[in-house]
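Student: Counted from 1, the sequence shown has number 559 at position 245 by my numbering; the numbering is strictly sequential. From the three backbone atoms N, C-alpha and C, an ideal C-beta is built for every residue, glycine too. All values derive from a computational prediction rather than experimental measurement.
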Amino acid sequence: MSKTVLLSIAMMMVILTFVTIGALVNEGRKGRESAERAKKIMTQEKPEVDTKPIDYSLYKTIRGGDQRVMVLIPAGLFPMGAGEEGDFDEQPQRIIFLNGYYIDQYEVTNKDYKRFAAMLKRPEPSIPVFEDEIALLKGDTLPVVGVTWLDATAYCKWADNRLPTEAEWEKAARGPDPRIWPWGDQFDERLVNGRGEEDHYKYTAPVGSFESGRSFYGLYDMAGNVSEWVADWYDQFYYKGAPFENPKGPEQPDINRVLVYRGGSYMSNANDLRASKRFGGAHPNRGESTVGFRCARDLENE
Numbered sequence: 315m316s317k318t319v320l321l322s323i324a325m326m327m328v329i330l331t332f333v334t335i336g337a338l339v340n341e342g343r344k345g346r347e348s349a350e351r352a353k354k355i356m357t358q359e360k361p362e363v364d365t366k367p368i369d370y371s372l373y374k375t376i377r378g379g380d381q382r383v384m385v386l387i388p389a390g391l392f393p394m395g396a397g398e399e400g401d402f403d404e405q406p407q408r409i410i411f412l413n414g415y416y417i418d419q420y421e422v423t424n425k426d427y428k429r430f431a432a433m434l435k436r437p438e439p440s441i442p443v444f445e446d447e448i449a450l451l452k453g454d455t456l457p458v459v460g461v462t463w464l465d466a467t468a469y470c471k472w473a474d475n476r477l478p479t480e481a482e483w484e485k486a487a488r489g490p491d492p493r494i495w496p497w498g499d500q501f502d503e504r505l506v507n508g509r510g511e512e513d514h515y516k517y518t519a520p521v522g523s524f525e526s527g528r529s530f531y532g533l534y535d536m537a538g539n540v541s542e543w544v545a546d547w548y549d550q551f552y553y554k555g556a557p558f559e560n561p562k563g564p565e566q567p568d569i570n571r572v573l574v575y576r577g578g579s580y581m582s583n584a585n586d587l588r589a590s591k592r593f594g595g596a597h598p599n600r601g602e603s604t605v606g607f608r609c610a611r612d613l614e615n616e
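1. In chain order, what residues of the same chain lie with their CB nearer than 6 Å to the CB of Q566, ignoring the 5 residues before and after it?
2. Which residue comes first and which comes last in the beta strand (DSSP E) that contains M433?
3. Return helix, strand or coil for R504, following the three-state DSSP convention.
4. When DSSP labels each residue in this structure, what does R488 get in the three-state scheme?
5. Grouping DSSP H, G and I as helix and E and B as strand, with all else coil, what is I448?
6. Out of curiosity, what's the CA-to-CA distance linking T518 and Q405?
7. Excluding the 5 residues preceding and the 5 following I494 in the sequence, name in chain order all residues of the same chain whose CB lies nearer than 6 Å to its CB.
8. Below 8 Å, how does it come out for the region 432-449 and the region 570-586: are there three or more Cβ pairs, yes or no?
9. Suppose contacts are defined by Cβ-Cβ distances below 7 Å. Is V574 in contact with P457 by that definition?
10. Given that a residue counts as buried once 16 or more other Cβ atoms are within 10 Å of its Cβ, and exposed if not, what is A389?
11. Around the Cβ of L450, are there at least 16 other Cβ atoms within 10 angstroms (buried) or fewer (exposed)?
12. Please report the straight-line C-alpha distance between G489 and S529, rounded to a whole angstrom.
13. Assuming I417 contacts L533 under a Cβ cut-off of 8 Å, what Cβ separation, rounded to an integer in Å, is found between them?
14. So, is I409 buried or exposed, given that buried needs 16 or more other C-beta atoms within 10 angstroms?
15. With the cut-off set at 7 Å, would you say R576 and W497 are in Cβ contact?
16. In terms of DSSP beta bridges, what is D418 paired with?
17. Let me confirm a value: N585 is counted as buried when at least 16 other C-beta atoms fall within 10 Å, else exposed. Which label applies?
18. Let me know if K425 comes out buried or exposed under the rule of 16 or more other beta-carbons within 10 Å of its beta-carbon.
19. By alpha-carbon positions, which one of F402, G555, E480 and P437 ends up nearest to V461?
20. Kindly list the residues whose CB is nearer than 6 Å to the CB of Y469, restricted to its own chain and excluding five residues on each side of it in sequence; keep chain order.
21. Write down the C-beta distance between A610 and Y415 rounded to the nearest angstrom, noting that I regard them as a contact closer than 8 Å.
22. Can you look up A610 in the DSSP assignment and give me helix, strand or coil?
23. Grab me the residues of E509's own chain with a C-beta within less than 8 Å of its C-beta, minus the 5 sequence neighbours each way, in chain order.
24. With a Cβ-Cβ cutoff of 7 Å, do V459 and S603 count as a contact?
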């Protein structure tokens, strides 16, 4: 091999060495810059939640038969369901008229349910499947879970109330406008107890913990914490032919029809926390670790 060829090879090796060193230096610089950016992000404080007070006092309140606060939802129109962004069983979005009614400001708690169970000598709810200690869901101020639809119906009747219909629940959650979540159209994980621990709760939170996540009418936890039983049987096509005035869901044609619960829970993502989201497939005699309830009342029963 000639000296010229050897010299050329040597020069190429030197050039490649310098190129490699340059690339490594550049990558190192990029790595340091990325690390600095990550450090800034991790140490940067999140902006405070806007806690500007809203006056909910214009909505009348009463005490239900269980002495819990109920809020008046005035008669009127509201858009029920979702547009193209929603699931097929939320469509079409339609304007619905509802008579006025009352609904609980808070989800029913373990303490509330214990009082009912003790007075009527009923067993406390059991939770069939939960990955952790059941005691973590049993605090007095936590929403009751493990209740079946039959349990929830019995409690509301005892309180001289009833379960809300799907339409009533949705209006209470979103108000008279088509907002996506109870607080508005922008999702904020700090306003709701949903999936993850960014909201500081691994499982359920004491009812009323998210002041800035209240609904249009001032109700707490209409998204997240626990899902909530409603009165209606489930029909995936019900919205296509539901009546304009006070829809109450389909009739139960056979024993295989299932029920609906609403609102999403501490296990739900942003999509499942939407006010229009429907959960079908629930059986009346089965409870879940993510499902609780609140009650409603007709105006004539106040």
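Tutor: Put simply:
1. Contacts found: W547.
2. In the DSSP annotation of this structure, M433 is not part of any beta strand (DSSP E); the continuous alpha helix (DSSP H) holding it starts and ends at N424 to L434.
3. Here R504 sits in helix by DSSP.
4. It is helical.
5. I448 sits in a helix when the DSSP states are folded into three classes.
6. Each residue's Cα considered, the two are about 30 Å apart.
7. A distance below 6 Å between beta-carbons, with the five flanking residues on each side excluded, links I494 to the following residues of its chain, in chain order: R588.
8. No, the region 432-449 does not touch the region 570-586.
9. No, the pair does not count as a contact, with Cβ atoms beyond the cut-off.
10. When all chains shown are included, A389 counts as exposed.
11. Answer is exposed; the Cβ neighbour count stays below 16.
12. Each residue's Cα considered, the two are about 7 Å apart.
13. In this structure I417 touches L533 by the C-beta definition: roughly 7 Å separates them, less than 8 Å.
14. Under a 10 Å Cβ-count criterion, I409 is classified as exposed, with fewer than 16 other Cβ atoms of the shown protein chains found around its own Cβ.
15. No, these two residues do not count as a Cβ contact at 7 Å.
16. The partner list for D418 (beta bridge, DSSP) reads M384.
17. Answer is exposed; the Cβ neighbour count stays below 16.
18. Classification of K425: exposed, given that the 10 Å Cβ count is below 16.
19. Of F402, G555, E480 and P437, the residue nearest in Cα terms is P437.
20. Its chain contains F430 as the residues whose beta carbon lies nearer than 6 Å to that of Y469, once the 5 sequence neighbours on both sides are disregarded; these appear in chain order.
21. Indeed they touch by this definition, with Cβ atoms about 6 Å apart.
22. A610 falls in the strand class under three-state DSSP.
23. Looking at the sequence shown, residue 509 is not Glu but Arg. By the criterion of a C-beta distance shorter than 8 Å, R509 is surrounded in its chain by Y580, M581, S582 and N583, once the five residues flanking it on both sides are discounted.
24. The Cβ-Cβ distance between V459 and S603 falls below 7 Å.
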